[in-house]
Structures are given as C-alpha cells and as structure tokens.
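Participant: Quick one: this structure, given as structure tokens, is what I'll be asking you about.
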Amino acid sequence: MEQETKLNELRYEMEREAKIELHEYCGVVEFTREEVDALLNVKIRTKDKFNLKEKSEIITAYIKRLKMCVRWFQDF
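Residue numbers 98 to 173, in this note's numbering, belong to the letters of the sequence shown in order.
Right under this line is the structure:
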C-alpha cells in the first residue's frame, strides 16, 4: 500500500512537471540522489493494460523527467 502511494505521488509529480517546457528548467533544476534513484527504479504501471492513451501519457511524462535529469547531470 505504501509503495502504491509513493508511485502515485511520483506519477503526479511527473505529470505536473511534464506540463512545463524543458527549456524553462535549464540551469534551475536540481535533483537529489533519492530523486534520481526513484526515477530510475520506477516501474510504470497502469490500471488497465489496454488503455494505451493513459500509458502513453505516463511514459511521455517519465521520459521528459528523465531527460531533465540527464541534462542536469551533464551540466553538473
């Protein structure tokens, strides 16, 4: 139950930040070690495996968040 709560919080965070343009984050984003570990260890799941729209939105948000993390790491 606790793991589902953490995944939902991470999913909400990724969806919220995916709405913001990547170029707005340049030089402003900072990631903690825990955030990077959580981002790399997330397993993307949806309620219905046939709901491709929901899965696509979640994966797109995840990829954008991952790109921001990589760009931050390269600049660091």
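Backbone N, C-alpha and C define an ideal beta-carbon position, used for all residues, glycine too.
To the nearest angstrom, report how far apart Asp134 and Lys152 are at their CA atoms.
Facilitator: Whole-angstrom Cα-Cα distance: 22 angstroms.
Participant: I'd like to know whether the C-beta atoms of Ile155 and Ile141 end up nearer to each other than 8 angstroms.
Facilitator: It is a contact, given that the beta carbons lie within the stated cut-off.
Participant: Within a Cβ cutoff of 6 angstroms, which residues of the same chain sit near Arg168, ignoring the five residues on either side of it in sequence?
Facilitator: Answer for Arg168: no residue qualifies.
Participant: Return helix, strand or coil for Glu132, following the three-state DSSP convention.
Facilitator: Three-state result, Glu132: helix.
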